[in-house]
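If you read the sequence shown in the working numbering, its first letter stands for residue 124, the second for the next number, and so on.
Backbone N, C-alpha and C fix where the C-beta goes; we use that ideal spot for every residue, glycine too.
Some notes on the structure that comes next.
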Amino acid sequence: MAINNGTGPGPGHTSGDAAGRVLVVDDDPTVSEVVTGYLERAGFTVHRAEDGPAALESAARHRPDLIVLDLMLPGMDGLEVCRRLRASGNGRLPVPVVMLTARGDEDDRILGLEVGADDYVTKPFSPRELVLRVRSVLRRSSSTAPADEPLREVAGLAVDPAARRATRDGSELALTLREFDLLVYLMRHPGQVCDRERLMREVWGWEYGDLSTVTVHVRRLRSKIEKDPADPQLIRTVWGAGYRFEPGPPPPGSTLGGARREDGHA
């Protein structure tokens, strides 16, 4: 069992309506039961699955608001489950995924983000931390832009924050929750250099965390909005400083870079 229960009482049950529907996917019955208990006490309606095929079937039947997905599942692992969930969106906004990974397996965490996970929690973990992460992701997925938020369009890329819809040359983009929020934030701050700490704080709502999360999401976002992700023109790298959204071509002699890595950026 890879849970750190910590001390003190568990999360209190919210009064009134349920906080949302969560699918918990883990083949360890103890982990599944503890996570389910904490989520239910926090007001969530919880469904459970023990393997990949059962997770996909349950997701199709119950349409959860969020999925807590263990990376290490028998047969079909969590990465493949996440890939299939993303591929079966059928035009709907993709369901947010919080992935459970083993501590120290950085490559696995990055792979999880690469296939579309919105967040991750490393084992051993505190169930209270997991509940907080779930609430944070759901809060962002359900947040709406102000009614007067304008449609933003740059170089064939259009974003409607109120509808949470993005298109490129008229074709709708399949963006995850975090990818969409990251794109909107960058488009709201054109020409500004945004370091990874700022993006993690403003887009993820985290004061600290693994900065490779930002790097992976920038890379994924580029793969979907750039005409040539290897030579990005919209999301540029400022060496050693962060990223800058460029609504037009960079000026001659600028210090902006492409997709090469430097100082941990990509």
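Nearest residue (CA-CA) to residue i, options the options
i, options, result
"PRO355", "GLY363, VAL341, ALA364", "VAL341"
"VAL339", "VAL260, LEU234, GLU156", "LEU234"
"TRP327", "GLU369, TYR243, ARG288", "TYR243"
"ALA286", "VAL277, SER249, PHE303", "PHE303"
"PRO152", "SER181, ASP193, VAL204, THR336", "ASP193"
"VAL337", "LYS350, GLY201, MET310, TYR366", "TYR366"
"ARG258", "GLU163, THR360, GLU173, LEU236", "GLU163"
"GLU369", "GLY314, LYS350, ARG171", "GLY314"
"GLU320", "GLU252, ASP292, GLY363", "GLY363"
"ALA165", "SER181, ALA142, HIS185", "ALA142"
"TRP329", "GLU252, VAL316, SER211", "GLU252"
"ASP361", "VAL316, ALA353, PRO352", "The amino acid occupying residue 361 in the given sequence is Val; Asp does not appear at that position. When only C-alpha atoms are compared, the closest one is VAL316."
Beta-bridge pairing of residue i - partner residues as DSSP gives them
i, result
"LYS246", "ALA225"
"ALA281", "GLU276, THR290"
"ILE358", "PHE368"
"LEU146", "HIS170, ILE190"
"GLU295", "THR290"
"VAL220", "ILE190"
"CYS317", "TYR366"
Beta-carbon proximity check, residue i vs residue j, cutoff 8 Å
i, j, result
"LEU305", "LEU344", "yes"
"ARG263", "VAL238", "no"
"LEU189", "VAL158", "no"
"VAL145", "PRO187", "yes"
"ALA240", "CYS205", "yes"
"THR290", "LEU298", "no"
Alpha carbon of residue i to alpha carbon of residue j, nearest angstrom
i, j, result
"LEU322", "LEU280", "21 Å"
"SER117", "LYS347", "Since the displayed the chain opens at 124 and closes at 389, residue 117 lies outside it and no answer follows."
"LEU261", "LEU179", "20 Å"
"ALA268", "TYR308", "Confidence is the limiting factor: at ALA268 the pLDDT is only 49, short of 50, which leaves the residue's position unreliable, though a coordinate-based value still follows. Cα to Cα, ALA268 sits roughly 12 Å from TYR308."
"LEU334", "ASP318", "10 Å"
"PRO132", "PRO250", "Because the pLDDT of PRO132 is 35, which lies under 50, any placement of that residue in the model is unreliable, and the question is left without a value."
"LEU223", "LYS246", "7 Å"
"ALA183", "VAL154", "23 Å"
"GLY198", "ALA278", "44 Å"
"VAL148", "GLY175", "8 Å"
"ASP200", "VAL191", "13 Å"
"VAL254", "ARG207", "25 Å"
"ARG359", "GLY160", "44 Å"
"VAL169", "LEU202", "21 Å"
"LEU236", "LEU357", "21 Å"
"MET195", "PHE248", "15 Å"
"GLY214", "ARG288", "Confidence is the limiting factor: at GLY214 the pLDDT is only 46, short of 50, which leaves the residue's position unreliable, though a coordinate-based value still follows. Approximately 11 Å between the Cα atoms of the pair."
"ARG275", "PHE167", "35 Å"
"ASP283", "GLU349", "18 Å"
"ARG171", "HIS185", "11 Å"
"GLU79", "ASP292", "There is no way to answer for residue 79, as the model of the chain reaches only from 124 to 389."
"ASP231", "ALA225", "8 Å"
"ALA270", "ALA353", "With a pLDDT of only 48 at ALA270, under the threshold of 50, the placement of this residue in the model should not be trusted, and no figure is reported."
"GLU88", "ARG256", "The chain is shown only over 124 to 389; residue 88 falls outside these bounds and no answer can be derived."
"MET310", "ASP351", "19 Å"
"ASP150", "SER211", "23 Å"
"HIS312", "SER181", "40 Å"
Start-end ranges of the beta strand (DSSP E) lying completely within the stretch 167–192, minimum 3 residues: Taking 3 residues as the minimum length, the beta strand (DSSP E) runs contained wholly in the stretch 167–192 are 167–172, in order along the chain.
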